[in-house]
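K.L.:
Pasting a structure here, questions to come.
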Amino acid sequence: MVEIKWTEEAQWWLRDIQDYIAVDNPGAARKVIRGIYEKAQVLRSFPEIGHKYRAEAEGEIRILLYGHYRIAYLLKTSGSIDILGVFHGALDISRYLR
172 MVEIKWTEEA QWWLRDIQDY IAVDNPGAAR KVIRGIYEKA QVLRSFPEIG HKYRAEAEGE
232 IRILLYGHYR IAYLLKTSGS IDILGVFHGA LDISRYLR
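Dropping the structure here:
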């Protein structure tokens with residue numbers, strides 16, 4: 172199975188999403204975060220499931236969808252995965268993935 176690492180930035184995005192949703196519905200916030208995490212676990216068995224976004228020197232940035240969110244990850248040539256961020260579909264992720 173593939174090793175998955177959540178970067179500090181990805182963890183920040185998760186906290187931001189949870190805080191935003193929790194203002195109106197803490198239970199829904201927990202459910203969304205749990206769903207995002209569980210969706211990312213699919214990458215352990217199927218690391219290439221996300222669509223290709225951009226090639227990098229150390230691998231490929233790919234995007235995995237979960238509801239209204241896009242999970243951006245780096246599939247490294249070594250086979251491991253770094254989760255780079257979790258972005259709402261309305262955001263222009265090209266501003267954040269540089």
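The sequence shown begins at 172 in my numbering and counts up one residue at a time.
Ideal placement from N, C-alpha and C gives every residue a C-beta, glycine not left out.
So, helix, strand or coil for residue 234, using DSSP?
P.N.:
strand
K.L.:
What first and last residue would you give for the beta strand (DSSP E) that runs through residue 246?
P.N.:
240-247
K.L.:
Report the rounded CA-to-CA distance for residue 245 versus residue 233, giving the unit in angstroms.
P.N.:
6 Å
K.L.:
So what does residue 217 bridge to, in DSSP terms?
P.N.:
Per DSSP, none; premise fails for residue 217.
K.L.:
Counting only beta-carbon separations shorter than 8 Å, does residue 254 have a partner in chain D?
P.N.:
Absent from the structure: chain D. Only one protein chain is present.
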